[in-house]
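Colleague: Got a structure for you, questions after.
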Amino acid sequence: MILLDLLLRSFMKKFYYTCVFLMGFMSLPLMAQNCTTEVKAGDKIQFNVKSITVPKSCKSFEIKLVHEGKLPKNVMGHNIVISETAVIPAVAQAGIKAGLKNEYVPKGDKRIVANTKLIGGGEKTSLKFNPKSLKAGKKYSFFCLFPGHWAVMKGTISVQ
Ligand code: ZN
-18 MILLDLLLRS FMKKFYYTCV FLMGFMSLPL MAQNCTTEVK AGDKIQFNVK
32 SITVPKSCKS FEIKLVHEGK LPKNVMGHNI VISETAVIPA VAQAGIKAGL
82 KNEYVPKGDK RIVANTKLIG GGEKTSLKFN PKSLKAGKKY SFFCLFPGHW
132 AVMKGTISVQ
């Protein structure tokens, strides 16, 4: 009986260490992936990046927006909105209708995957989304919905 007990204990110990090892191994790729990125804008109508690559393994991906300019948000406001690239002009039109009081983001618009609030100079904001909400085979972009900005302030988002 003692021998059996010892065998069992030794087995449990091995099992325990194997589990700890596996868990550590599995969390490594998640820790190595960067699930956040920063986009900068200023008093010019442009973002500092043209494309964002989102690692597939991220459960949630964060895009931070920093407005390094001085102009207020009603003059040179910026936000980041994510939609399918094909619907940007339509979403932008809906954004103009929504107006400054809605920060140029049409409320409850299903074409919008995620969006930040509208910010002015010296402010920062961020958005988070699940990479799984971007459908495979579709092209997505991030852009600014301040009137007239989206034509220049845009870039691609791809999940890899
Ligand atoms: Zn803008």
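Per our numbering, the very first residue in the sequence shown carries number -18; after that it's consecutive.
No residue lacks a Cβ here, since even glycine has one placed at the ideal position from N, Cα and C.
By how many angstroms is the C-alpha of residue 29 removed from the C-alpha of residue 119?
Modeller: Approximately 24 Å between the Cα atoms of the pair.
Colleague: Counting only the same chain and skipping the five closest in sequence on each side, list residues whose C-beta sits under 7 Å from that of residue 104.
Modeller: 48
Colleague: Let me check you understand the geometry: is the CB of residue 58 closer than 7 Å to at least one non-hydrogen atom of ligand 1?
Modeller: yes
Colleague: Classify residue 97 as helix, strand or coil using the three-state DSSP reduction.
Modeller: Residue 97: coil per DSSP, three-state reduction.
Colleague: Could you say which of 66, 140 and 135 lies nearest to residue 27 if we only look at CA atoms?
Modeller: 135
Colleague: Based on DSSP bridge pairs, tell me the residues matched to residue 106.
Modeller: DSSP output for residue 106 lists 46 as bridge partner(s).
Colleague: Helix, strand or coil for residue 25? Go by DSSP, reduced to three states.
Modeller: coil
Colleague: At a cut-off of 7 Å, is residue 73 close to ligand 1 when judged by its beta-carbon and the heavy atoms of the ligand?
Modeller: no
Colleague: Taking 7 Å as the cut-off, is the C-beta of residue 142 nearer than that to any heavy atom in ligand 1?
Modeller: Missing from the structure shown is residue 142; the chain here goes from -18 to 141 and no further.
Colleague: Could you name the residues of the same chain whose beta carbon sits closer than 6 Å to that of residue 23, not counting the 5 residues immediately before and after it, in chain order?
Modeller: 49 and 50
Colleague: With a threshold of 8 Å on Cβ separation, who are the neighbours of residue 55 within its own chain once the five nearest residues in sequence on each side are excluded?
Modeller: 81 and 101
Colleague: Return the CA-CA distance between residue 63 and residue 122, expressed in angstroms with no decimal places.
Modeller: Counting only the Cα atoms, residue 122 lies some 6 Å from residue 63.
Colleague: Which whole-angstrom value describes the C-beta separation of residue 106 and residue 46, a residue pair presumed to lie in contact below a C-beta threshold of 8 Å?
Modeller: 5 Å
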